[in-house]
Amino acid sequence: MKKTFYITTPIYYPSAKFHIGSAYTTCLCDSVTRYKKLQGYDTRFLTGTDEHGQKIEEAAKANGKTPQEHVDYISGLAQDLWKQLSIENDDFIRTTQKRHEVVVEDIFERLLANDDIYLGEYVGNYCVSCESYFTPTQLVDGDKCPDCGRPTKLLKEETYFLRLSKYADRLLAFIDSHPDFIFPETRKNEVVSFIKSGLQDLSVSRTAFSWGIKVKSNPKHVVYVWIDALSNYITALGYDSKDDSLYQKFWINGDEVIHVVGKDILRFHAIYWPIMLMALDIPIKFRLYAHGWYLMKDGKMAKSKGNVIYPEQLVERYGLDAFRYYIVREIQYGNDGLFTPEDYIKRINTDLVNDYGNLVSRTISMVNKYFGGTVQKTVHNHSLLSFEQNLEEVATESIKQYQTLMDEFKIADALKALSTLVGRTNKLIDDTSPWDLAKNEETHAPLQSVMYHLLESIRLITVLYQPFLMETCPKVFGYLNVEENNTDFESLKFGVKENYEVVSKAAHLFPRLEEESESEVIRSWMNEPKKEEPKIDPILPEITIDDFAKIDIRSGKVLEAIQHPNADKLLVMKVDTGDKVRNIVSGIAKYYKPEDMVGKTVLVIANLKPVKLRGELSEGMILAAENAAGELFIVEGSSKLNPGSKIS
Ligand code: MSP
Numbered sequence: 245m246k247k248t249f250y251i252t253t254p255i256y257y258p259s260a261k262f263h264i265g266s267a268y269t270t271c272l273c274d275s276v277t278r279y280k281k282l283q284g285y286d287t288r289f290l291t292g293t294d295e296h297g298q299k300i301e302e303a304a305k306a307n308g309k310t311p312q313e314h315v316d317y318i319s320g321l322a323q324d325l326w327k328q329l330s331i332e333n334d335d336f337i338r339t340t341q342k343r344h345e346v347v348v349e350d351i352f353e354r355l356l357a358n359d360d361i362y363l364g365e366y367v368g369n370y371c372v373s374c375e376s377y378f379t380p381t382q383l384v385d386g387d388k389c390p391d392c393g394r395p396t397k398l399l400k401e402e403t404y405f406l407r408l409s410k411y412a413d414r415l416l417a418f419i420d421s422h423p424d425f426i427f428p429e430t431r432k433n434e435v436v437s438f439i440k441s442g443l444q445d446l447s448v449s450r451t452a453f454s455w456g457i458k459v460k461s462n463p464k465h466v467v468y469v470w471i472d473a474l475s476n477y478i479t480a481l482g483y484d485s486k487d488d489s490l491y492q493k494f495w496i497n498g499d500e501v502i503h504v505v506g507k508d509i510l511r512f513h514a515i516y517w518p519i520m521l522m523a524l525d526i527p528i529k530f531r532l533y534a535h536g537w538y539l540m541k542d543g544k545m546a547k548s549k550g551n552v553i554y555p556e557q558l559v560e561r562y563g564l565d566a567f568r569y570y571i572v573r574e575i576q577y578g579n580d581g582l583f584t585p586e587d588y589i590k591r592i593n594t595d596l597v598n599d600y601g602n603l604v605s606r607t608i609s610m611v612n613k614y615f616g617g618t619v620q621k622t623v624h625n626h627s628l629l630s631f632e633q634n635l636e637e638v639a640t641e642s643i644k645q646y647q648t649l650m651d652e653f654k655i656a657d658a659l660k661a662l663s664t665l666v667g668r669t670n671k672l673i674d675d676t677s678p679w680d681l682a683k684n685e686e687t688h689a690p691l692q693s694v695m696y697h698l699l700e701s702i703r704l705i706t707v708l709y710q711p712f713l714m715e716t717c718p719k720v721f722g723y724l725n726v727e728e729n730n731t732d733f734e735s736l737k738f739g740v741k742e743n744y745e746v747v748s749k750a751a752h753l754f755p756r757l758e759e760e761s762e763s764e765v766i767r768s769w770m771n772e773p774k775k776e777e778p779k780i781d782p783i784l785p786e787i788t789i790d791d792f793a794k795i796d797i798r799s800g801k802v803l804e805a806i807q808h809p810n811a812d813k814l815l816v817m818k819v820d821t822g823d824k825v826r827n828i829v830s831g832i833a834k835y836y837k838p839e840d841m842v843g844k845t846v847l848v849i850a851n852l853k854p855v856k857l858r859g860e861l862s863e864g865m866i867l868a869a870e871n872a873a874g875e876l877f878i879v880e881g882s883s884k885l886n887p888g889s890k891i892s
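Count along the sequence shown starting at 1, add 244, and that's the number in my numbering.
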């Protein structure tokens, strides 16, 4: 019987149109699934959309739609995009589907009945965007969310809690006894230290909004979006439904289950999800692969920054295979990758146009020129044998490396190993100078052998490119007349195909791209004029001059500034405000280096109650504002102001 392989992407929030970041995860999973199919696995590939929660409710409102209309629209766009990218998912789950909702309702009730969920009260600062509560020590700049920097709201609500603390030891023991549960290793270490730092019970219901799955026994609560979302991995298999055959096959009796997730959502998958499964008495069958992010030169992709790049544009102009190749090739295992227009064009020109595409067209034209298109496998001794033997060795080694790396999810490295073989094959042409061999009748046999080696190597390379270049590989097999049984992994050995009869003329596989002008085209998409008007926060209710007088704003001079030892987003500064030198912590590290701040005259709210921010005392707040692009600027005072001058 075939071994099974079940792979999932995160289910994406349908808040806005998907950019290349979402496409990265989905293409990665699709290529791995295609690879596993070639290896003979019985595969199942799931993706979908995570459609509940306050964030979606608010996005719908901003677009003048009901939440259902909004998610129907974006989820439809997502499914069209995956078709355009030739994604071969077996299922697409939407958390607003009945098949999912009824099971989540049931899961919640069972956890409640087992006392793994209990009713309590939560008081804390809530970030709508991240749908999470934060403790005062986690907040930055007074009330800002430590993850996204947006202001949080102080909420007090009745809520259900999931007993995470009860399962902490069992989870640590599980991680310890399953060394490959989380990879890469560094991510696993982060998770372990997070658990060891103490797990708080998790608030798993909300009453402040209604767009979600209602708690059956207490419908004024909706189920927390992550409990709802994580369940998709089994609800989509028919867990707890009339027909659970897929669940039995791919989960309970399955051989491999992989959840591919971005590094930002690792904690949910490595802690909450296994604990939910333990509480439900479901075996933890999955392993986690946490990948890095596609970043832009100026940081995260954001519509407001005008730096978002969408897959459709790249596919329409440069072709599907170029996009599918680039997107999984550019990010190294577990790391972040930078998207730049120049790199995009260069990567296509180097790997696909120059190396692979050229190899195929040069070889086909030589085989036609010297042998009328037909070449046999020949065994004989000749002076060029060592070059051919070396190529065969490199091929064997590259095939082995490619498979090992693909099995370890090191996709970019696997493609690199394949590039080595492409390079070595091209080198055979330089080593043997076929045009010279062709001049002489005696070197006719070695020439045929060289041509055979080139063709056989192209066949092997093309077999291995199949999970990535879905339009090109069938074309190349067609040019070379490769029979179907010589395109699978069983045929991955030099010398398997005995003879070749190639087409008389082959079109170029990838057109060469003009680097400068094409980079400019991509750049122009990224700087598209923003259609939306910048949003101005509504003016708050009127206050009196007495209210204003309660806020004591002083000018201050920054004497020293350092990066906060435990928080990337924070700077810790010594600021002279006339009365004393204050320690002030501020969430501006993304926009200002410590050395930029020293010497600046800033405006400080001097009578704000001191707070500790990630362990550092902050005795005041520096005034700052964001522009329409979301960039932050501190409000600078005139350098002629003395420290302590009162702002009125
Ligand atoms: N809905 C949750 C996931 C629930 S899974 C049970 C969610 N959705 S998301 O749309 O915000 O993000 C989905 C995935 O996209 C995450 O894995 C995230 O890391 C990934 N990416 C979002 N932007 C990305 C890049 N720029 N680059 C690479 N991946 C990125 O979180």
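Cβ atoms here follow ideal geometry from the backbone N, Cα and C, with glycine treated the same way.
Per DSSP, the unbroken alpha helix (DSSP H) holding Lys-299 starts and ends at 298 to 306. Taking a contact to require three or more Cβ pairs closer than 8 Å, the segment 421 to 436 and the segment 311 to 321 do not qualify as touching. Proximity of the segment 497 to 507 to the segment 365 to 384 falls short of the contact definition, fewer than three beta-carbon pairs being nearer than 8 Å. Relative to ligand 1, even the nearest heavy atom lies 7 Å or more away from the CB of Met-522. Within the chosen limit of 7 Å, ligand 1 does not reach the beta carbon of Val-348 with any heavy atom. Classified as exposed, Lys-541 has fewer than 16 neighbouring CB atoms from the shown chains inside 10 Å of its CB. Linking Ala-260 to Pro-838 through their CA atoms gives a straight-line distance of about 35 Å.
Per DSSP, reduced to three states, the secondary structure at Cys-717 is helical.
Runs of beta strand (DSSP E) with 3 or more residues, each lying fully within the segment 466 to 554, are found at 500 to 506, 530 to 535, listed in chain order. For Phe-418, the uninterrupted alpha helix (DSSP H) run begins and ends at 412 to 421, by DSSP. Distances from the alpha-carbon of Ser-376 to those of Arg-288, Ala-805, Gln-298 put Gln-298 closest.
Take Thr-451, set aside five residues on each side of it, and the residues of its chain with a beta-carbon closer than 8 Å to its own are Glu-401, Glu-402, Thr-403, Lys-464, His-465, Val-466, in chain order. Contact between the segment 805 to 813 and the segment 845 to 858 is present: 3 or more CB-CB pairs across the two stretches fall below 8 Å. Assigned with DSSP and collapsed to three states, Gly-292 falls in strand. Unbroken alpha helix (DSSP H) runs of no fewer than 4 residues, entirely contained in the segment 619 to 669, are found at 629 to 651, following chain order. In this chain, the alpha helix (DSSP H) harbouring Lys-440 covers 429 to 440. Per the Cβ contact rule, the segment 719 to 737 is not in contact with the segment 558 to 572 (fewer than 3 Cβ pairs under 8 Å). The beta-bridge partner set that DSSP reports for Thr-252 consists of Leu-290, His-503. Taking each of Tyr-516, Ser-275, Gly-506, Tyr-317 in turn and checking the Cα distance to Arg-414, the smallest one comes out for Tyr-516. Bounds of any beta strand (DSSP E) do not take in Asn-602; it lies within the alpha helix (DSSP H) bounded by 602 to 615.
DSSP, reduced to helix, strand and coil, places Tyr-835 outside both helices and strands of the structure shown, so it counts as coil.
Of all alpha-carbon atoms in Ile-592, Leu-474, Leu-524, Thr-381, the one lying nearest the alpha-carbon of Ile-509 is that of Leu-474. If you check the CB distance, Phe-336 and Thr-291 come in under 8 Å.
Measuring C-alpha to C-alpha distances from Tyr-285 to each of Phe-378, Ile-766, Phe-249 identifies Phe-249 as the nearest. Taking a C-beta distance under 8 Å as the contact criterion, Val-572 and Phe-792 do not qualify as a contact pair. Residue nearest to Thr-607 within the set Thr-584, Gln-576, Glu-804, Val-666 is Val-666 (criterion: CA-CA distance).
Put simply, the backbone Cα of Glu-786 is about 15 Å away from that of Ile-795. Taking C-alpha positions only, Ser-761 is separated from Asn-851 by approximately 56 Å. In the three-state scheme derived from DSSP, where H, G and I count as helix and E and B as strand, Gly-800 is classed as strand.
Residue side-chain check: Thr-269 places its Cβ nearer than 7 Å to a non-hydrogen atom of ligand 1. Bounds of the beta strand (DSSP E) holding Thr-845 are 845 to 849. For Phe-425, the secondary structure class from DSSP, reduced to helix, strand or coil, is coil. Proximity of the segment 382 to 393 to the segment 473 to 492 falls short of the contact definition, fewer than three beta-carbon pairs being nearer than 8 Å. Taking all protein chains shown into account, Asp-274 has 16 or more neighbouring C-beta atoms within 10 Å of its C-beta and is therefore buried. Taking Gly-831 as reference, the option from Ser-447, Leu-398, Ser-862, Ala-306 with the minimal CA-CA separation is Ser-862. Take the alpha-carbon of Leu-416 and the one of Val-276: they are about 29 Å apart.
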